[in-house]
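*Asks:*
2 protein chains.
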Amino acid sequence: MKAVNGFRVDLPDWVTEFSAKLPVCLPTARERMAAAVSLSEQNVRHDTGGPFGALVVVAATGEVVSLGVNRVEPQLCSAAHAEIVALSLAQRRMGSWSLADTRLGPLQLVSSCEPCAMCLGAIPWSGVHSVLCGAIKADAEAAGFDEGVRPAQWVEALERRGIEVRTGILREPAARVLERYASGGRTIYNP
Amino acid sequence: MKAVNGFRVDLPDWVTEFSAKLPVCLPTARERMAAAVSLSEQNVRHDTGGPFGALVVVAATGEVVSLGVNRVEPQLCSAAHAEIVALSLAQRRMGSWSLADTRLGPLQLVSSCEPCAMCLGAIPWSGVHSVLCGAIKADAEAAGFDEGVRPAQWVEALERRGIEVRTGILREPAARVLERYASGGRTIYNP
Chain A
1106 MKAVNGFRVD LPDWVTEFSA KLPVCLPTAR ERMAAAVSLS EQNVRHDTGG
1156 PFGALVVVAA TGEVVSLGVN RVEPQLCSAA HAEIVALSLA QRRMGSWSLA
1206 DTRLGPLQLV SSCEPCAMCL GAIPWSGVHS VLCGAIKADA EAAGFDEGVR
1256 PAQWVEALER RGIEVRTGIL REPAARVLER YASGGRTIYN P
Chain B
1106 MKAVNGFRVD LPDWVTEFSA KLPVCLPTAR ERMAAAVSLS EQNVRHDTGG
1156 PFGALVVVAA TGEVVSLGVN RVEPQLCSAA HAEIVALSLA QRRMGSWSLA
1206 DTRLGPLQLV SSCEPCAMCL GAIPWSGVHS VLCGAIKADA EAAGFDEGVR
1256 PAQWVEALER RGIEVRTGIL REPAARVLER YASGGRTIYN P
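Listed in order, the protein sequences are those of chains A and B. Per my numbering, numbering of the first sequence is gapless, rising by one per residue and ending at 1296. Per my numbering, numbering of the second sequence is gapless, rising by one per residue and ending at 1296.
Encoded structure:
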């Protein structure tokens, strides 16, 4: 077998146009979440990955720093969840492995669904200041997704680390994307 | 700011030579762990990332499938832990986002240190069949590293998912790499 010395995760091409149409700033939590849910929905529609979308914004103003969608299947990478993609792209853009001290001020992760165990673990390492979630664990599980080996009191665990969490924002439209994906008989990652 | 549409994580150049010198198969747990610890040590020596190494092998024979080292700082990516790198490279090499059903049979993750919360969460998604760890949580914490928001009963949690775990293999040499890194005043990621 040929040795593999690196891996790349890319956004699908349609995100360029999506990004161009998005306002520069998304002031409210609902506007931020609407963008994340729209990413999740378009990712399914374009058949470019699982039904999850995320973005990183400047916490104070909602200025968009990066976008992410689930890329597990097309890019052969089980770690390419929307949150990991958005956080990694924000870090690359800011030129730092930590988003804790950027020139833009505190940054926020916005995700169309509550984080799985891996993404939950990734949040403190990323340096984000706060997290907004759309669909909740029960919605993900109802669609057949598994949140993994995650502490039950995960919100409190993040908050003890100084990371604010708000969940259930636009929960219904966010959950509807998961339901439609599941009822379409699409791949549910390692159950 | 320029939009960023993808990110890449590469192994450092010295890994090519390391890989060429490594036996094709590492039959015992100790041989597998010695390779992981050596990766962690060389990564510090070459100043190419944090003191963590990992590999993916065929569980039955120890045939090496991929190597990984921590690349957080040099590649500006807080998710580029050794385990994520090794798992992602194995997936790329096997041409699948899941290592559960490869033509090589069940695969094993070998890591120089017990997984942090993120890597623990990533393990079930990767499709590996078993995990070997070197240094334990107490060793990582003694060196100033934080294992994150992780359930206390993580070994049992993985085993309930059918993933075998053995930890503390070559614990002393593995922990020594962490100690030396910390006593050298090197970066400890987001504490």
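The beta-carbon is built from N, C-alpha and C at its ideal position, and this holds for glycine as well. Just so it is clear, the structure is predicted and the values come from calculations on it, not from any experiment.
When you compare each of B:M1199, B:P1220, B:T1153 and B:L1209 to B:V1254 by their alpha carbons, which one comes out closest?
*Replies:* B:P1220
*Asks:* Looking at C-alpha atoms only, which residue of B:K1126, B:N1148, B:R1150 and B:E1188 is the closest neighbour of B:V1161?
*Replies:* B:E1188
*Asks:* Hey, is B:I1241's beta-carbon within less than 9 angstroms of any beta-carbon in chain A?
*Replies:* By this cut-off, B:I1241 is not an interface position.
*Asks:* Would you decide whether A:S1288 is buried or exposed? Buried here means 16 or more other CB atoms lie within 10 Å of its CB.
*Replies:* A:S1288 is exposed by the Cβ-count criterion.
*Asks:* Between A:S1183 and the rest of its own chain, which residues show a CB-CB distance below 6 angstroms, the 5 nearest in sequence each way excluded?
*Replies:* V1177
*Asks:* Can you tell me the Cα-Cα spacing of B:V1120 and B:V1163, whole angstroms?
*Replies:* 19 angstroms
*Asks:* Near A:P1248, which residues of its chain fall below 6 angstroms by C-beta distance, leaving aside the five closest residues on each side in sequence?
*Replies:* Pro is not the amino acid found at residue 1248 of chain A; the sequence shown has Ala there. Same-chain partners within the cutoff: L1283, E1284 and A1287.
*Asks:* Could you name the residues of chain B that A:C1182 contacts, counting a contact when the two beta carbons are closer than 8 angstroms?
*Replies:* S1193, Q1196, R1197 and W1202
*Asks:* Can you list, in chain order, the residues of its chain whose CB lies under 7 angstroms from that of B:A1134, leaving out five sequence neighbours each side?
*Replies:* Taken in chain order, the residues that qualify are L1237, R1271 and I1274.
*Asks:* Report the neighbours of B:W1119 on chain A: residues whose CB is nearer than 7 angstroms to its CB, in chain order.
*Replies:* Chain A residues near B:W1119: none, gap ~11 angstroms exceeds 7 angstroms.
*Asks:* Does the beta-carbon of A:P1299 have 16 or more other beta-carbons within 10 angstroms, so that it is buried, or is it exposed?
*Replies:* Any answer about residue 1299 of chain A is impossible in this case: the structure gives chain A only from 1106 up to 1296.
*Asks:* Which same chain residues end up closer than 7 angstroms to B:W1259 when comparing Cβ atoms and leaving out the 5 residues on each side of it in sequence?
*Replies:* L1225
*Asks:* According to DSSP, is B:D1305 part of a helix, a strand, or is it coil?
*Replies:* Outside the shown range of chain B (1106 to 1296) lies residue 1305 of chain B, about which nothing can therefore be said.
*Asks:* Identify whether B:V1120 lies in helix, strand or coil by the three-state DSSP scheme.
*Replies:* Correct three-state label for B:V1120: helix.
*Asks:* Is there contact between the region 1199 to 1214 of chain B and the region 1200 to 1219 of chain A, where contact requires at least three CB pairs shorter than 8 angstroms?
*Replies:* no
*Asks:* Is A:F1157 close to chain B, meaning its C-beta is less than 9 angstroms from at least one C-beta of that chain?
*Replies:* No, A:F1157 does not count as interfacial toward chain B.
*Asks:* Leaving aside the five residues before and after A:S1145 along the sequence, list all residues of the same chain whose C-beta is less than 6 angstroms from its C-beta, in chain order.
*Replies:* P1156, F1157, G1158, S1217 and V1282
*Asks:* Please confirm whether A:G1210 has its beta-carbon closer than 9 angstroms to some beta-carbon of chain B.
*Replies:* no
*Asks:* Any beta carbon of chain B sitting closer than 9 angstroms to that of A:P1256?
*Replies:* yes
*Asks:* Tell me the rounded alpha-carbon separation between B:V1129 and B:G1239.
*Replies:* Taking the straight line from one Cα to the other gives about 21 angstroms.
*Asks:* Within a Cβ cutoff of 6 angstroms, which residues of the same chain sit near A:S1231, ignoring the five residues on either side of it in sequence?
*Replies:* L1192 and L1204
*Asks:* Grab me the residues of A:I1268's own chain with a C-beta within less than 8 angstroms of its C-beta, minus the 5 sequence neighbours each way, in chain order.
*Replies:* I1228, P1229, V1233, H1234, S1235 and V1236
*Asks:* Select from the region 1117 to 1148 of chain A all residues with a C-beta closer than 8 angstroms to any C-beta belonging to chain B, and list them in chain order.
*Replies:* V1120, T1121 and S1124
*Asks:* Which word fits B:A1257, buried or exposed, when buried means at least 16 other C-beta atoms lie within 10 angstroms of its C-beta?
*Replies:* Exposed: under 16 other Cβ atoms inside 10 Å.
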